[in-house]
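Visitor: One structure follows; several queries about it will come next.
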Amino acid sequence: RQRRVLAHASHELRSPLARLRMALALMEDAEDPSERAEAAESAVREIGELDELIEDVLLASRLRGGVSTPRERTWVDLTRVCINLCERHDATWLGSPVELGVVGDRRLLERALGNLLSNARRHGEPPIEVDPRIIGDSVCIDILDRGAGIPEDQHVRIFEPFFRPAGHQEGDPGVGLGLSLVDEIARHHDGSVECSLREHGGMRFTLVLPTA
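Just so we're on the same page, this note's numbering is the position in the sequence shown counted from 1, plus 87.
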């Protein structure tokens, strides 16, 4: 599995590298300052994409090896985490201010929920909403959108590294390790993540974690 992820990552690195080379070439040839500035902005975006992909590959490798970064487990209030992320991702928090406590790595949990919100923003449609539920001894955080949705026969495979749903082309943004990392982080915390179609369109991604 590790070899497969590295092979996919190597393939995915080629697209931003090619676009980066093109941006640098345009910047070198540009005579107009505005064209040069636009090419420089494009180069910075591609460097950011490369950095994000490399960071994802390293984090996935550490998690699969049983090592978190940093390796710490503390009490985390998911309500505060979600409210902060909603402000960052232009999403709506549907819950109350009541604390939702879990024990885990705050940085990793923020990463998992942030990835789910980024996925909803990139591939879904507004409104993007975050709805908490308590079921037995578990905290369930629903990430909701009103996009076209994902066919049910792809709901399990969507969490595979670099899986491309029907309609996604090579080079499309956000196709990589994002949802796979959510799955790894959930497992790392003795939890799970699942997705389902919503009535009247859209997707529901649910992160399930044991309560503190």
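Glycine included, every Cβ here is placed at the ideal spot set by N, Cα and C.
1) My understanding is that Gly211 touches Arg175, with C-beta atoms under 8 Å, so please give their C-beta distance in whole angstroms.
2) Would Glu186 be called buried (16 or more neighbouring beta carbons within 10 Å of its own) or exposed?
3) If you draw a straight line from the C-alpha of Leu111 to the C-alpha of Leu100, how long is it?
4) To which residues of the same chain is Gly236 closer than 7 Å at the C-beta, ignoring the five residues directly before and after it?
5) Looking at the strands, I want to know which residues DSSP matches up with Val295.
6) Specify, as a first and last residue, the run of the beta strand (DSSP E) that Arg220 falls within.
7) Closest to Gln241 by C-alpha separation, out of Cys282, Val163, Leu264 and Gly278, would be which residue?
8) Return helix, strand or coil for Gly261, following the three-state DSSP convention.
9) Look at the alpha carbon of Thr166 and the alpha carbon of Asp192, and state the distance between them as a whole number of angstroms.
10) Measure from the alpha carbon of Val226 to the alpha carbon of each residue in Ala147, Pro297 and Leu146, then state which is nearest.
11) Using only the alpha-carbon positions, how far apart do Asn41 and Gly265 sit?
12) So which of Glu239, Pro103 and Glu125 has the shortest CA-CA distance to Ile141?
13) Between the C-alpha atoms of Val144 and Ile272, what's the straight-line distance to the nearest angstrom?
Guide: Quick answer:
1) The beta carbons of Gly211 and Arg175 sit about 16 Å from each other, so the pair does not count as a contact at 8 Å.
2) With fewer than 16 other Cβ atoms within 10 Å, it is exposed.
3) Going from the Cα of Leu111 to the Cα of Leu100 covers about 17 Å.
4) Same-chain partners within the cutoff: Leu284, Gly288, Gly289 and Met290.
5) According to the DSSP secondary-structure assignment, Val295 is paired through a beta bridge with Cys227 and Ser279.
6) Where Arg220 is concerned, the enclosing beta strand (DSSP E) stretches over Glu216 to Ile222.
7) The residue from Cys282, Val163, Leu264 and Gly278 with its alpha-carbon nearest to that of Gln241 is Cys282.
8) Reliability fails at Gly261, whose pLDDT of 49 lies under 50, so the model's placement of it is uncertain and the value that follows must be treated cautiously. It is coil, neither helix nor strand.
9) About 15 Å.
10) Here the closest residue by C-alpha is Pro297.
11) Absent from the structure is residue 41, since the part of the chain shown begins at 88 and ends at 299.
12) Distances from the CA of Ile141 to each of Glu239, Pro103 and Glu125 were compared; the closest alpha carbon is that of Pro103.
13) One C-alpha to the other measures close to 13 Å.
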